[in-house]
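Line by line, the protein sequences are chains C and B.
Following the numbering used here, the numbering of the first sequence begins with 174 at its first residue and continues without gaps.
Following the numbering used here, the numbering of the second sequence begins with 174 at its first residue and continues without gaps.
Encoded as structure tokens, the structure appears first; notes follow it.
2 protein chains.
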Amino acid sequence: MRWMNAYNLIFGKPLATTSEQSERLGIGAGIPVFGLDALSSAAYGPEAALTLLIPLGAAGVAYILPISLSIIVLLAIVFFSYRQTIAAYPSGGGSYIVASANLGVYPGLLAASALMIDYVLTAAVGISAGVGALVSAVPRLLPHTVGICMGILALITLVNLRGLRSAGIAFMAPTYLFVLTLLGALGWGVVKALFAGGHPVPVATPPHVAVSGGVATAGAWLLMQSFASGCTAMTGVEAVSNGVRAFREPTARTAQRTLTVIIGILMLMLAGIAYLCYAYGIQALPPGQNGYQSVLSMLVAAVAGRGIFYYVTIGFVLFALALSANTAFADFPRLCHAISQDGFLPYPFSIRGRRLVYTQGVFALAILAGVLLLAFRGVTDRLIPLYAIGAFLAFTLSQAGMVAHWRKHKGPGSGRSMAVNGLGALATGLTTLVVLVAKFTAGAWITAILIPALLLLMLGVHRRLNGAARSVATNSPMDIPKNEQPLVIVPVQTWNKVTRHALCLAMTLSAEVQVVHVHSEDDPPLIDTEWHELVEVPAKKAHLPVPGLVTLKSPYRYVVGPIVDYVLQVEHKNQGRQIALVVPELVAHHWYDFFLHNNRAEMLKASVLLRGNRNVAIINVPWYLKD
Amino acid sequence: MRWMNAYNLIFGKPLATTSEQSERLGIGAGIPVFGLDALSSAAYGPEAALTLLIPLGAAGVAYILPISLSIIVLLAIVFFSYRQTIAAYPSGGGSYIVASANLGVYPGLLAASALMIDYVLTAAVGISAGVGALVSAVPRLLPHTVGICMGILALITLVNLRGLRSAGIAFMAPTYLFVLTLLGALGWGVVKALFAGGHPVPVATPPHVAVSGGVATAGAWLLMQSFASGCTAMTGVEAVSNGVRAFREPTARTAQRTLTVIIGILMLMLAGIAYLCYAYGIQALPPGQNGYQSVLSMLVAAVAGRGIFYYVTIGFVLFALALSANTAFADFPRLCHAISQDGFLPYPFSIRGRRLVYTQGVFALAILAGVLLLAFRGVTDRLIPLYAIGAFLAFTLSQAGMVAHWRKHKGPGSGRSMAVNGLGALATGLTTLVVLVAKFTAGAWITAILIPALLLLMLGVHRRLNGAARSVATNSPMDIPKNEQPLVIVPVQTWNKVTRHALCLAMTLSAEVQVVHVHSEDDPPLIDTEWHELVEVPAKKAHLPVPGLVTLKSPYRYVVGPIVDYVLQVEHKNQGRQIALVVPELVAHHWYDFFLHNNRAEMLKASVLLRGNRNVAIINVPWYLKD
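This is the structure in structure tokens:
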């Protein structure tokens with residue numbers, strides 16, 4: 174089949190379960206897959222912190238140093254915590270697994286809900302942030318914002334459907350080019366600043382915001398808000414711990430090394446950005462105003478001027494932002510898989526598709542992120558305050574789970590480990606509270622509603638799935654009380670090869686066959702006159718019992734309804750006896766034939782399935798209309 | 174079921190076939206159903222003719238008298254022709270039936286295509302003309318044009334789905350109020366004009382168009398174009414002949430009388446409008462220009478001033494226009510029924526729905542008209558030139574068919590009848606040519622392409638339906654060569670009540686049952702270990718042959734594919750033997766359960782039906798998940 178080839182070309186050939194090893198990732202491919210989200214956060218985290226310092230004017234910039242330092246310290250704590258988590262859960266230690274294993278079902282589901290919402294927001298916000306920056310650079314593209322967003326979403330979805338390795342390879346080049354150019358720009362700037370004794374002269378002078386009637390000194394509340402905003406730089410850090418199984422043997426070590434590299438680079442970036450903002454006196458500009466530029470844009474321009482290097486660096490920043498959604502695509506399906514294994518999401522989320530990824534999870538994320546992008550017409554600025562909550566809540570529950578873990582698994586060094594995770598839990602827990610309070614009115618309240626709503630939904634799914642599983646579970650063997658053949662009913666409206674074939678089959682299945690024929694008030698039953706010759710004579714000749722003939726008058730011209738009514742009536746009379754309704758069906762080979770024939774067979778099957786009970790089986794006997 | 178009550182309330186209770194008589198129409202209800210289209214044409218026919226006379230200035234108005242007279246004479250000829258047609262075809266003498274019975278298949282289909290396109294255009298143009306006039310009177314409604322159009326379309330569709338009588342009753346009041354007020358206004362005007370010696374003083378003076386460099390006298394070409402445009406006043410006249418069977422006994426007489434009344438009123442209207450335009454010197458205004466008013470609006474204002482009477486009359490004109498689509502809804506489904514009876518449209522068009530109307534035809538017309546209205550955003554002015562062609566082509570073929578009819582059925586008076594129909598054919602044929610030539614570049618060429626395209630489509634449908642019917646037709650009795658039981662295959666992935674029940678049923682159907690189990694590379698077959706206890710022991714105890722157990726390894730984790738492959742392979746090995754695949758299915762009761770369970774049973778059924786052949790039957794064994 175030629176379309177199969179095209180399909181394979183686009184989505185890749187199916188991968189055998191045995192080739193799972195070769196799909197696993199090393200450090201090199203692991204960074205683009207699990208690190209792009211964390212690394213690209215450097216593009217908006219410091220900016221978010223600086224934006225809150227705008228009212229302080231030029232003096233406010235100095236506060237970026239302590240704020241960034243706090244964030245880097247927090248990052249270090251979280252890093253050591255997650256290193257331990259990976260070692261303790263080498264088969265995947267995402268917040269959901271750690272929290273549910275150590276703290277119980279509800280904390281686990283709470284972490285899962287928080288992370289799921291975080292991932293959906295990450296995917297949507299990452300793409301729209303990258304595209305937003307692109308269209309502000311090339312205003313001609315502005316009317317196509319939604320289209321470009323959806324195109325990138327489709328691309329990332331496709332690459333992820335092709336498998337994890339494929340995503341790693343596809344996004345390797347942009348990731349490393351982003352890291353190299355940005356670190357290069359920052360390093361260049363730091364060298365220049367040090368040579369200038371801490372007071373470098375900007376190549377392109379950053380614009381200054383005139384503050385009228387502003388605050389002279391920073392209050393604690395303002396600094397807390399700034400810190401909370403800056404914490405968005407830490408989102409995506411949990412990704413590696415969730416995907417440990419995706420790494421090559423030794424999985425835990427490879428995952429830990431990948432995490433070390435990612436966090437190391439992220440710390441360098443945050444430190445460099447903070448120092449250079451301070452050194453060059455770069456203030457954030459109020460977003461949405463004329464002449465707006467991002468902090469990174471002003472910073473790179475101050476260091477290197479607006480030459481080719483500037484455009485290349487900023488270009489890769491945008492690219493990395495748009496592709497940061499990829500981390501969500503790597504983790505979300507794994508998370509859904511883990512949840513569905515415990516019965517809190519439908520079973521299909523557990524199935525690995527043809528390329529060994531959890532296809533349903535990829536689809537679910539693509540649909541949810543697509544809906545968000547469409548609903549917000551590709552401009553998701555307003556969503557940014559929503560999503561640090563989810564990440565930090567998951568951090569906290571994961572670390573708290575680890576504390577409980579070490580309490581259960583006492584051994585050499587477990588005290589130290591518990592202290593590290595405990596510090597992590599405390600720090601991230603406090604940060605969660607700070608973010609929630611600081612951002613509550615800005616939109617964090619939506620997350621505070623969505624997370625428990627999702628939790629309740631998953632509990633509901635679990636209740637229904639569990640109920641279904643319990644009601645069909647059995648260990649008892651077959652129970653064949655008496656070998657009674659079913660009563661077979663064959664509806665025949667006209668005598669043709671389709672119905673003849675179906676009737677012949679029915680007669681081999683049971684000695685008791687009934688033919689039903691529905692006729693309307695003004696037409697006599699069609700089959701009556703020829704019954705003897707068509708059915709009775711050949712049945713007797715074959716020494717088989719002659720089928721019964723039942724004609725049903727249909728005053729309202731319905732056909733399907735009277736047949737189903739009759740079948741259910743027969744079932745009711747023969748309490749407990751198995752009834753089989755034969756449905757002769759003409760199968761056509763082209764889609765347009767669907768419009769040419771009546772689809773009574775389909776309607777009959779659906780109607781019996783809907784209204785019937787376990788004593789009514791449907792025997793679908795096809796007849797093919799070959800061309 | 175409560176939703177059934179709501180359904181009955183909206184669509185009406187089902188009507189028994191026996192109550193068909195009471196659904197039939199008398200003259201009173203027949204006029205709104207079959208006459209609204211013809212009568213409302215008076216609102217745009219004369220205006221269309223006058224619009225072409227604009228270049229002649231005030232002098233041009235005089236030409237409306239001979240042009241209207243020609244149209245009235247043509248109308249009279251067509252009237253006598255159709256009266257005869259109704260008498261000759263008391264079971265429905267639409268153009269399709271008359272032309273195909275007397276001229277052959279192709280002329281019949283040509284008439285059918287022409288009429289179908291005419292009806293779709295009538296429905297769309299009628300509604301949008303009414304709504305267009307409404308929004309030009311109440312500009313606040315302008316942004317809702319499409320919505321109002323779709324609302325009226327939905328209303329007319331609903332009323333027609335409720336049955337013919339319901340449409341007749343619903344639209345009776347607006348139709349008669351329209352006829353009364355317009356005839357009243359015209360009569361009042363004529364009386365005034367006669368009293369004023371042919372030169373009445375207008376209450377509201379109609380605006381005059383200043384013609385600069387216009388034509389002094391009318392050329393033959395201009396008059397021909399004006400006549401062709403005016404002929405749109407005749408569309409809808411064929412409706413009664415198509416719907417003869419919808420009338421009460423004596424059907425032919427009732428239909429003839431209804432036709433007489435409709436045409437009589439239409440003639441009066443056309444004559445009155447023409448005379449008053451001449452008497453008051455009312456010129457058409459160029460449409461789409463500032464201060465545009467319709468001819469009828471100026472005329473009623475000239476006669477009665479812009480008082481309450483003016484608004485009531487014009488209101489009912491708009492109402493009648495918007496509801497004129499109803500005639501299309503009465504005739505189009507009947508036409509489709511006749512065509513599908515001959516096999517040129519799919520069979521479902523022949524089925525009378527729960528309210529005794531041809532439901533599929535109503536849906537088809539609603540969808541086509543809806544698409545037109547949406548595509549043109551509710552403004553269908555540009556479609557008007559398209560649709561006189563269809564009507565006149567159908568007129569011509571119908572009259573020509575009648576000529577052929579009288580030649581075959583010679584008798585007393587058949588010569589005179591043939592002369593009447595011959596004159597009709599000649600007149601309408603010439604008019605068709607005139608309209609085609611005059612309107613060709615304005616859009617009639619689109620109709621000239623669409624009509625043959627639809628004809629070819631119907632021929633294609635006929636070829637496929639015929640082929641299918643031939644390939645399944647048989648008169649030969651059952652053929653049971655040997656009473657061999659089918660080989661029954663039961664896929665079992667896990668042992669539960671669903672699969673156990675299915676296997677028990679399978680064993681009552683045939684002595685030869687195979688269980689297939691698909692497992693992936695890294696999981697061993699689940700069923701292997703318990704097979705002996707679950708199946709073998711009870712089968713032996715019941716003195717039944719033990720089913721075979723087949724395990725299939727699936728390297729790519731597919732389940733449905735390997736089962737279907739195996740079934741087809743078994744079928745191939747047992748050439749000609751009947752195979753039955755049992756599909757155990759868990760049936761849930763809520764729509765949301767669809768998302769919770771894997772729908773493998775549905776996929777398996779669909780895949781076998783798609784890839785299988787007549788030797789593979791599907792036995793769907795349901796298990797219900799009752800709450």
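We put the beta carbon where it would ideally sit given N, CA and C, even for glycine.
Please read these numbers as outputs of a predicted model, since none were measured by experiment.
Residues of chain C with a CB under 7 Å from the CB of ILE342(B): which are they?
For this step, residue 342(B) is matched to residue 169 along the second sequence. Chain C residues near ILE342(B): none, gap ~22 Å exceeds 7 Å.
Looking at the C-beta of MET776(B), does it have a partner C-beta in chain C at a distance below 9 Å?
Reading the second sequence from its first residue, position 603 is the one you call residue 776(B). For MET776(B), the closest Cβ of chain C is not nearer than 9 Å.
Using the beta-carbon of each residue, which ones in chain B are nearer than 7 Å to ILE791(C)?
Residue numbering aside, residue 791(C) sits at position 618 when the first sequence is read from its first letter. Result: ASN793.
How about LEU443(C) and ILE244(C): are their beta carbons less than 9 Å apart?
By 1-based counting over the first sequence, the position of residue 443(C) is 270. By 1-based counting over the first sequence, the position of residue 244(C) is 71. For LEU443(C) and ILE244(C), yes; Cβs fall inside 9 Å.
Leaving out five residues on either side along the sequence, give the residues of the same chain with a beta carbon under 8 Å from the beta carbon of PRO521(C).
Taking the first sequence and counting its residues from 1, one reaches residue 521(C) at position 348. Cβ within range, chain order: SER513, GLN533.
Can you have a look at SER571(B) and say buried or exposed, based on whether 16 or more other CB atoms are within 10 angstroms of its CB?
Working through the second sequence from its first residue, we reach residue 571(B) at position 398. Under this definition SER571(B) is a buried residue.
Continuous alpha helix (DSSP H) assignments of at least 4 residues falling wholly in the stretch 601 to 648 of chain B:
618 to 645
What's the gap between the Cα of ALA366(B) and the Cα of ALA412(B)?
What you label residue 366(B) is simply residue 193 of the second sequence in a count that begins at 1. What you label residue 412(B) is simply residue 239 of the second sequence in a count that begins at 1. Each residue's alpha carbon lies about 35 Å from the other.
For TYR560(B), which residues from the same chain have a beta carbon less than 6 Å from its beta carbon, with the 5 sequence-adjacent residues on both sides left out?
Within the second sequence, residue 560(B) is the residue found at index 387, counting from 1. So the qualifying residues of the chain are ASP291, LEU294.
Pairwise C-alpha distance: GLY324(C) and HIS317(C)
Here residue 317(C) is taken as the residue at index 144 of the first sequence, counted from 1. Here residue 324(C) is taken as the residue at index 151 of the first sequence, counted from 1. Rounded to the nearest angstrom, the two C-alpha atoms are 10 Å apart.
Around the Cβ of TYR255(C), are there at least 16 other Cβ atoms within 10 angstroms (buried) or fewer (exposed)?
For the purposes of this step, residue 255(C) is taken as the residue at position 82 of the first sequence. Its Cβ being crowded by 16 or more others within 10 Å, TYR255(C) is buried.
Can you give the Cα-Cα distance for PRO711(B) and GLY721(B), rounded to whole angstroms?
Along the second sequence, one-based indexing puts residue 711(B) at 538. Along the second sequence, one-based indexing puts residue 721(B) at 548. Using only the alpha carbons, I get a separation of about 14 Å.
If you check the beta carbons only, do LEU556(C) and VAL298(C) fall under 9 Å apart?
Against the first sequence, residue 556(C) aligns to sequence position 383. Against the first sequence, residue 298(C) aligns to sequence position 125. Their beta carbons are under 9 Å apart, which means LEU556(C) touches VAL298(C) by this criterion.
Got a sec? Which residues, its chain only, sit under 6 Å from ALA564(C) by beta carbon, not counting five neighbours each side?
Counted from its first residue, the first sequence places residue 564(C) at position 391. Leaving aside the five residues that flank ALA564(C) on each side, the residues in its chain whose CB is nearer than 6 Å to its CB run, in chain order, ASP291, THR408.
Kindly list the residues whose CB is nearer than 7 Å to the CB of GLY526(C), restricted to its own chain and excluding five residues on each side of it in sequence; keep chain order.
Here residue 526(C) is taken as the residue at index 353 of the first sequence, counted from 1. The answer, listed in chain order, is THR532.
LEU606(C) burial status per 10 Å Cβ neighbour count (16 or more: buried)
Here residue 606(C) refers to the residue found at position 433 of the first sequence. LEU606(C) comes out exposed.
Quick check on PHE489(C): does DSSP put it in helix, strand or coil?
For the purposes of this step, residue 489(C) is identified with residue 316 of the first sequence, where counting begins at 1. Looking at PHE489(C) - three-state DSSP - the assignment turns out to be helix.
Start and end residues, beta strand (DSSP E) containing VAL544(B):
Numbered from its first residue, the second sequence carries residue 544(B) at position 371. No beta strand (DSSP E) contains VAL544(B), which is instead part of the alpha helix (DSSP H) from 532 to 548.
Within the stretch 312 to 394 of chain C, ranges of the alpha helix (DSSP H) (whole runs, at least 4 residues):
318 to 334, 337 to 343, 345 to 368
Once the 5 residues before and after ASN639(C) are set aside, which same chain residues still bring their CB inside 8 Å of it?
Within the first sequence, numbered from 1, the residue matching residue 639(C) stands at position 466. Within the same chain, ASN639(C) has close Cβ partners GLY516.
Less than 9 Å between the C-beta atoms of THR348(B) and VAL535(B), yes or no?
Locating residue 348(B) in the second sequence gives position 175, counting from the first residue. Locating residue 535(B) in the second sequence gives position 362, counting from the first residue. Contact: no.
Within this structure, are the beta carbons of LEU359(C) and LEU449(C) separated by less than 9 Å?
Position 186 of the first sequence, counting from 1, holds the residue named residue 359(C). Position 276 of the first sequence, counting from 1, holds the residue named residue 449(C). Cβ atoms of LEU359(C) and LEU449(C): closer than 9 Å.
I think PRO460(C) touches THR224(C), with their Cβ atoms under 8 Å apart; what is that distance to the nearest whole Å?
On the first sequence, residue 460(C) is found 287 positions in, with the first residue counted as 1. On the first sequence, residue 224(C) is found 51 positions in, with the first residue counted as 1. With a Cβ gap of about 7 Å, PRO460(C) and THR224(C) count as contacting.
For the alpha helix (DSSP H) holding GLN514(B), just list the boundary residues, first then last.
One-based indexing of the second sequence puts residue 514(B) at position 341. Looking at the DSSP string, the run of the alpha helix (DSSP H) that includes GLN514(B) is 498 to 514.
Would the stretch 626 to 645 of chain B count as touching the stretch 412 to 429 of chain B if we require 3 or more Cβ pairs under 8 Å?
no
Quick one: any contact between the stretch 647 to 661 of chain B and the stretch 678 to 696 of chain B, if contact means 3 or more CB pairs under 8 Å?
yes
Which chain E residues are close to ASP652(B), counting only those with a beta carbon under 8 Å from its beta carbon?
No chain E is present in this structure, whose protein chains are C and B.
Determine, for THR190(C), whether the minimum Cβ-Cβ distance to residues of chain B falls below 9 Å.
Here residue 190(C) is taken as the residue at index 17 of the first sequence, counted from 1. Yes - at least one Cβ of chain B is within 9 Å of the one on THR190(C).
If you draw a straight line from the C-alpha of SER192(C) to the C-alpha of GLU758(B), how long is it?
As a position in the first sequence, residue 192(C) is number 19, starting the count at 1. As a position in the second sequence, residue 758(B) is number 585, starting the count at 1. Going from the Cα of SER192(C) to the Cα of GLU758(B) covers about 32 Å.
Classify GLY370(B) as buried or exposed, calling it buried when 16 or more other Cβ atoms lie within 10 Å of its own Cβ.
Translated into positions along the second sequence, residue 370(B) becomes position 197. So GLY370(B) counts as exposed.
With burial defined as no fewer than 16 other Cβ atoms inside 10 Å of the residue's Cβ, what is the status of ASP652(C): buried or exposed?
Your numbering for residue 652(C) matches position 479 in the first sequence. With fewer than 16 Cβ atoms within 10 Å of its Cβ, ASP652(C) is classed as exposed.
For the pair the stretch 620 to 630 of chain C and the stretch 277 to 286 of chain C, tell me if three or more CB-CB distances fall below 8 Å.
yes
Contact between the stretch 235 to 251 of chain C and the stretch 475 to 490 of chain C is defined here as three or more beta-carbon pairs at a separation below 8 Å; is this criterion met?
The stretch 235 to 251 of chain C, when compared against the stretch 475 to 490 of chain C, does not touch it at the 8 Å Cβ threshold.
Would you mind giving the Cβ-Cβ distance between VAL789(B) and LEU754(B), rounded to the nearest angstrom? I have them listed as a contact below 8 Å.
Within the second sequence, the letter at position 616 stands for residue 789(B). Within the second sequence, the letter at position 581 stands for residue 754(B). Yes, VAL789(B) and LEU754(B) are in contact; Cβ-Cβ is about 6 Å, under 8 Å.
Neighbour flag for TRP668(B) against chain C, beta carbons, 9 Å
Reading the second sequence from its first residue, position 495 is the one you call residue 668(B). Closer than 9 Å: yes.
CA-to-CA distance, LEU198(B) to ARG507(B), given in whole angstroms
Along the second sequence, read from residue 1 onward, the residue named residue 507(B) stands at position 334. Along the second sequence, read from residue 1 onward, the residue named residue 198(B) stands at position 25. Going by C-alpha positions, ARG507(B) is about 15 Å away from LEU198(B).
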